[in-house]
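*Asks:*
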Amino acid sequence: MKPKCCVCNIHITKKGHSRKISQQQKQFFETLNKNVIENGIICNKCRQQFYRQSTNCGDTSTDIVTTVPAPVSKLTENKLTPQNESITLPIVTVGKTSRKCCVCVTTKGSFVTMPEKARLHVFVTQGILVPAGVRCCPGHLDGKTLKTGTKINVSRLRKTTSDLNASDIIWLLDRLRGMVSHAKKKRLDFDDPNSLTDEDIVSLTGITKEQFEFLVSSVSKLKKSANRSPRTAIAILLVKLKTGLSHRILENSRRYMPPLITSVEEHCDIARSMLEKSKQPNPLQERVLKDKALSKRAREWVPLYDCKHYDNFPKLTEDYLRSLTFGVYQLYQAPNYADQHLDNDGDIDIFLHTVSSSFVQAKIQSRHTSCKQYCLWLEFNEDNDTHPVNGWFCECKAGARTVGCCAHVATILWYMGHARHTDYKTKTDRYSNAFKDASVDIETGTDLESD
Numbered sequence: 010m011k012p013k014c015c016v017c018n019i020h021i022t023k024k025g026h027s028r029k030i031s032q033q034q035k036q037f038f039e040t041l042n043k044n045v046i047e048n049g050i051i052c053n054k055c056r057q058q059f060y061r062q063s064t065n066c067g068d069t070s071t072d073i074v075t076t077v078p079a080p081v082s083k084l085t086e087n088k089l090t091p092q093n094e095s096i097t098l099p100i101v102t103v104g105k106t107s108r109k110c111c112v113c114v115t116t117k118g119s120f121v122t123m124p125e126k127a128r129l130h131v132f133v134t135q136g137i138l139v140p141a142g143v144r145c146c147p148g149h150l151d152g153k154t155l156k157t158g159t160k161i162n163v164s165r166l167r168k169t170t171s172d173l174n175a176s177d178i179i180w181l182l183d184r185l186r187g188m189v190s191h192a193k194k195k196r197l198d199f200d201d202p203n204s205l206t207d208e209d210i211v212s213l214t215g216i217t218k219e220q221f222e223f224l225v226s227s228v229s230k231l232k233k234s235a236n237r238s239p240r241t242a243i244a245i246l247l248v249k250l251k252t253g254l255s256h257r258i259l260e261n262s263r264r265y266m267p268p269l270i271t272s273v274e275e276h277c278d279i280a281r282s283m284l285e286k287s288k289q290p291n292p293l294q295e296r297v298l299k300d301k302a303l304s305k306r307a308r309e310w311v312p313l314y315d316c317k318h319y320d321n322f323p324k325l326t327e328d329y330l331r332s333l334t335f336g337v338y339q340l341y342q343a344p345n346y347a348d349q350h351l352d353n354d355g356d357i358d359i360f361l362h363t364v365s366s367s368f369v370q371a372k373i374q375s376r377h378t379s380c381k382q383y384c385l386w387l388e389f390n391e392d393n394d395t396h397p398v399n400g401w402f403c404e405c406k407a408g409a410r411t412v413g414c415c416a417h418v419a420t421i422l423w424y425m426g427h428a429r430h431t432d433y434k435t436k437t438d439r440y441s442n443a444f445k446d447a448s449v450d451i452e453t454g455t456d457l458e459s460d
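Residue 10 is where the sequence shown starts when you use the numbering used here, and the numbers rise one by one after that.
(1) Could you check the C-alpha separation between residue 400 and residue 378 for me, to the nearest Å?
(2) Could you tell me the distance, in whole angstroms, from the CA atom of residue 97 to the CA atom of residue 178?
(3) Note down the Cα distance separating residue 13 from residue 50, rounded to an integer number of angstroms.
(4) Mapping DSSP to helix, strand and coil, what is residue 11?
(5) On the CB-based measure, 16 or more other CB atoms within 10 Å of its CB, does residue 15 come out buried or exposed?
(6) Nearest to residue 159 by CA position, among 148, 166, 168, is which residue?
(7) According to DSSP, residue 121 sits in a beta bridge with which residue or residues?
(8) Can you tell me where the alpha helix (DSSP H) holding residue 394 begins and where it ends?
(9) Quick one: what's got a C-beta closer than 6 Å to residue 59's C-beta in the same chain, skipping five residues either side?
(10) Taking 8 Å as the threshold, find out whether the stretch 238-254 comes into contact with the stretch 275-286 through three or more Cβ pairs.
(11) Buried or exposed: where does residue 134 fall if 16 or more other Cβ atoms within 10 Å of its Cβ makes it buried?
(12) So is residue 431 buried or exposed if we call it buried at 16+ other beta carbons inside 10 Å?
(13) In chain order, what residues of the same chain lie with their CB nearer than 7 Å to the CB of residue 113, ignoring the 5 residues before and after it?
(14) By DSSP, does residue 16 sit in helix, in strand, or in coil?
(15) Label residue 346 either buried or exposed according to how many other C-beta atoms from any shown protein chain fall within 10 Å of its C-beta, with 16 as the threshold for buried.
(16) In chain order, what residues of the same chain lie with their CB nearer than 7 Å to the CB of residue 154, ignoring the 5 residues before and after it?
(17) Quick check: does the Cβ of residue 240 come within less than 7 Å of any heavy atom belonging to the ligand FAD?
(18) Of the residues 124, 144, 349, which one's Cα is nearest the Cα of residue 152?
(19) Where does residue 199 fall in DSSP's three states?
(20) Which residue or residues does DSSP assign as beta-bridge partners of residue 388?
(21) What's the C-alpha gap between residue 383 and residue 228?
(22) Please classify residue 417: is it buried, with 16 or more other beta-carbons within 10 angstroms of its beta-carbon, or exposed?
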């Protein structure tokens, strides 16, 4: 049977690593509240501890190797300094071993030494003291801390007390002071997964702690800057999206506005139509580029109202216009863009050229450059109520698109097909009611009474 050390109660497996304990060593360990039997066996580790602490207390090598017991007064004077005194506290501790993981207690695989920050976090959150040098599986660590949700099973631990000397207590208090000081300086630390609770993460970001960790691991191309880490950058974005402190429109769209998608089938049909049109060429563009007569600029232009086929243009609903533009952005710009083409009399200053009864060419001012005008072509069919507009093409950069249309085309379609059939009023008409002619006298109440 393998002998056991009378000091640490650990089996001595290697030959030559055990000695009979001396009287001086027995008295020394008894001062450390160790129950040492008479004529017991001591291992090399405990013997080296005795030599090391004896040397620190000022003993010479001759005092160590002598077999004559030292007086108790000398031991009390030299050995029992405050640095060597220890107390037993009711704190569960992990056994100091390098042959198994202190978390999952497995003996298979490779282990790494648990970092100091992780050991301190276990003591603060779980009340378990982890000595220095204890090893664990690399999968339990996230950098220098334990992963979220990693806990040590207390039921597997045998030591329910911890022997701490003065240096251990000073180390523990110093690290706890550092944690409190760090938390006071940095209230929200998203770089440390253990600094915020699950409730804090949900209230700040709107997602759980597990979802936040998955999101951080999914965003791999985000680089670390001098101001913030990728974790902090993602957390700041989520906090802004959740609270709307800096972007009020985010607050309105996420918390008070109705859902953007109400009919899944309808939006799937729109997406399918967009994909189909994105693969189709613009036949009207090809026709204009091939026919030089259509692209010729020197032609007779007439105002919009004087065009002979102006009344033949089909009436378009808002839903149909929205299906052509694939959204409301161009339609939202159309009234303001049409108001920019008002002449001195308040009429729309847009010119048309009639190519045929179902094909017109328009000339419109550029939205961005005052000295530039664009020509656009519209092909329509007044007899088709389902799809009255067959195609369009504009000379601007986005004028040849088949998925939606540019703002120039949208303005002509909106005004000719919808606005003129409704009670739309130009900017001049809207503001004219707010002014009175100063040359006309306004009758007051006293004038009416005198009459």
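Quick reminder that beta carbons are idealized off the backbone N, C-alpha and C, glycines included.
*Replies:* For this structure:
(1) Reading the sequence shown from its first residue, position 391 is the one you call residue 400. Reading the sequence shown from its first residue, position 369 is the one you call residue 378. Answer to the nearest angstrom: the Cα atoms are 26 Å apart.
(2) The count along the sequence shown starts at 1 and reaches residue 97 at position 88. The count along the sequence shown starts at 1 and reaches residue 178 at position 169. Taking the straight line from one Cα to the other gives about 11 Å.
(3) Taking the first residue of the sequence shown as 1, we reach residue 13 at position 4. Taking the first residue of the sequence shown as 1, we reach residue 50 at position 41. The alpha-carbon atoms of residue 13 and residue 50 are separated by roughly 7 Å.
(4) Position 2 of the sequence shown, counted from the start, is the residue given in the question as residue 11. Note: residue 11 maps to coil in three-state DSSP.
(5) Here the question's residue 15 lines up with position 6 in the sequence shown. Under this definition residue 15 is a buried residue.
(6) Counted from its first residue, the sequence shown places residue 159 at position 150. Ranking 148, 166, 168 by Cα distance to residue 159 puts 148 first.
(7) Walking along the sequence shown from the start, residue 121 turns up at place 112. Paired residue(s): 145.
(8) As a position in the sequence shown, residue 394 is number 385, starting the count at 1. No alpha helix (DSSP H) holds residue 394; DSSP gives it neither H nor E.
(9) Within the sequence shown, numbered from 1, the residue matching residue 59 stands at position 50. So the list reads 34, 37, once near-sequence residues are dropped.
(10) no
(11) On the sequence shown, position 125 is the one that residue 134 refers to. That one is exposed.
(12) Within the sequence shown, the letter at position 422 stands for residue 431. The residue in question, residue 431, is exposed, as its Cβ has fewer than 16 Cβ neighbours within 10 Å.
(13) In the sequence shown, residue 113 corresponds to position 104, counting from 1. Cβ within range, chain order: 146.
(14) In the sequence shown, counting from the first residue as 1, residue 16 sits at position 7. Note: residue 16 maps to coil in three-state DSSP.
(15) To locate residue 346, count along the sequence shown from 1; it is residue 337. Burial call: buried.
(16) Along the sequence shown, read from residue 1 onward, the residue named residue 154 stands at position 145. So the list reads 126, 127, 130, 201, 202, 203, once near-sequence residues are dropped.
(17) For the structure depicted, the ligand FAD is absent and the ligand set is empty, with no information on it obtainable.
(18) Within the sequence shown, the letter at position 143 stands for residue 152. Checked all of 124, 144, 349; the closest Cα to residue 152 is 124.
(19) In the sequence shown, counting from the first residue as 1, residue 199 sits at position 190. Looking at residue 199 - three-state DSSP - the assignment turns out to be coil, as it is neither helix nor strand.
(20) Locating residue 388 in the sequence shown gives position 379, where the first residue counts as 1. Partner(s): 368, 400.
(21) Taking the sequence shown and counting its residues from 1, the one referred to as residue 383 is at position 374. Taking the sequence shown and counting its residues from 1, the one referred to as residue 228 is at position 219. Residue 383 and residue 228: Cα-Cα distance of roughly 44 Å.
(22) Indexing the sequence shown from 1 puts residue 417 at position 408. When all chains shown are included, residue 417 counts as buried.
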